[in-house]
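Take the sequence shown: its position 222, counted from the start at 1, is 211 in my numbering, and no numbers get skipped. Backbone N, C-alpha and C fix where the C-beta goes; we use that ideal spot for every residue, glycine too. Here the structure is laid out as structure tokens; the discussion comes afterwards.
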Amino acid sequence: MPLLRSLLIGLSTNKTLRRSIENSGAGRKLSSRFVAGLEVEDALRAAEMLNNFGMTATLDSLGESVATEAEAKTAAEVYHRLLDAIATRKLSANISVKLTQIGLDLSPDLAYTIAAGLTEHARATSNFLRIDMEGSGLTQVTLDMVRHLHAREEYRGHIGIVIQSYLYRSEADIQQLIEEGIRVRLCKGAYQEPPSVAFPQKTDVDTNYVRLSGILLSSPIYHGLATHDEAMIEAAKNYARNKGVAPDQFEFQMLYGVRRDLQRRLIREGYNVRVYIPFGREWYPYFMRRLAERPANVIFLLKNLVRS
Ligand code: FDA
């Protein structure tokens, strides 16, 4: 279904559709499958529930590509509130942030300053900030910022990055990140990329995922393997078993509302599982990317539209 995927990813940036769906009751109802709620409190409640199931969480205040400095600062405030609330309530949770949400498109200096403030807060509360990876036009600047922040002695271990197995460059990036001791979340990649930078065939993306997860598991750093693909998960488990990597030396990561059965099974088997919890009013682009990942989700959407 590459055509459907491209169509949905294309629609994820359509402003008119976004406005009408985000403001409709039916849209909000549908998004609740993948989004924990509209408010900070909803996300904290979801994290607490997952903690009770033995899982950790990462909280994502939805939003990307802000248009003004004020919006970037407002987005950052939500994350500062989250870090405080996580500490006060003693939740096992960290935060995931997109650089475009804190002003990267407006000014890299602004995004860097805000990211540094968040990393400082993560350090002060013994927590961790993950910078999500966006489209390939932002890969280098994202790597540069994370590496620059991580190079500051006091921030070591408090900031990490995401690498996408669909990009040709990822193996080289991972080698460098490991050398610098930076924690990586490995995912397949959720954006529409040209064949000049990314593998067009899913089988190649998957093969690369397995290869890269082996490299990560062999390193002495605690990394996250983000996938719902049982083939990827089995390959990682086998690799870890064969190489003597203990289950507490890495974690699997999955999205809120996706393969809950698998999340619980991994916990029962003794693996660490972290769930990515998105929340907030700006759920449309995130929701469309989730639909693009699985045709069955579009059928689910259509059924609900007929019912509502
Ligand atoms: P794949 O797409 O091959 O799916 C394998 C199976 O998983 C499917 O057959 C289905 O059963 C199930 N599945 C997958 N997605 C589903 C969905 N939406 N609904 C229902 N079932 C689904 N991307 C990115 O570019 N930058 C980032 O920073 C991140 N961050 C991130 C964090 C976390 C914790 C996760 C899990 C994922 C991301 N991603 C991401 C998204 C990632 O790149 C990728 O698009 C999705 O995880 C889907 O890929 P899978 O590895 O799950 O495999």
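For the 8 angstroms CB-CB criterion, Met277 and Ser1 form a contact.
Per the C-alpha coordinates, the member of Ile148, Glu240, Tyr265 positioned closest to Gly259 is Glu240. Between ligand 1 and Leu175, a heavy atom-to-CB distance of less than 7 angstroms is absent. With fewer than 16 other Cβ atoms from the protein chains shown falling within 10 Å of its own Cβ, Gln165 counts as exposed. Residue side-chain check: Asn286 places its Cβ nearer than 7 angstroms to a non-hydrogen atom of ligand 1. The three-state reading of DSSP puts Asp94 in coil, since its state is none of H, G, I, E or B. When the five nearest sequence neighbours on each side are left out, the beta carbons in the same chain lying within less than 8 angstroms of the beta carbon of Leu72 are those of Ile84, Leu107, His110, Ala111, Thr114, Asn116, in order along the chain. When secondary structure is reduced to three states using DSSP, His217 falls in the coil class, being assigned neither helix nor strand. Per DSSP, the beta bridge partners of Asp49 are Pro267. Pairing Val130 with Leu93 gives a Cβ-Cβ distance under 8 angstroms. About 5 angstroms separates the beta carbon of Tyr265 from that of Thr47, a gap short enough to meet the 8 angstroms contact definition. Taking a 10 Å sphere around the C-beta of Glu182, we find 16 or more other C-beta atoms and assign the residue as buried. In this model, Asn40 and Pro267 are separated by some 16 angstroms (Cα to Cα).
With the rule of 3 Cβ pairs closer than 8 angstroms, the stretch 243 to 261 counts as touching the stretch 23 to 33. Under the DSSP definition of a beta bridge, Val86 partners with Ile120. Cα atoms of Tyr198 and Ala220: separation of roughly 10 angstroms, rounded to the nearest angstrom. Of the other Cβ atoms in all chains shown, fewer than 16 fall within 10 Å of the Cβ of Ser9; this residue is therefore exposed.
No heavy atom of ligand 1 is found nearer than 7 angstroms to the CB of Val135. Per DSSP, Arg145 lies in no beta strand (DSSP E) and is assigned neither H nor E.
In this structure, DSSP gives Arg34 a helical state, which the three-state scheme calls helix. Set against 7 angstroms, the gap from the CB of Arg283 to the closest heavy atom of ligand 1 is smaller. Taking a contact to require three or more Cβ pairs closer than 8 angstroms, the stretch 213 to 227 and the stretch 184 to 193 do not qualify as touching. Counting only residues of its own chain and dropping the five nearest sequence neighbours on each side, Pro236 has a CB closer than 6 angstroms to the CB of Gly259, Tyr260.
Glu11: member of the alpha helix (DSSP H) spanning 4 to 11, first to last residue. Contact between Gly178 and Leu156 holds: their C-beta atoms lie close to 7 angstroms from each other, under 8 angstroms. With contacts defined as CB atoms closer than 8 angstroms, Ala82 and Ile91 fail to qualify as a contacting pair.
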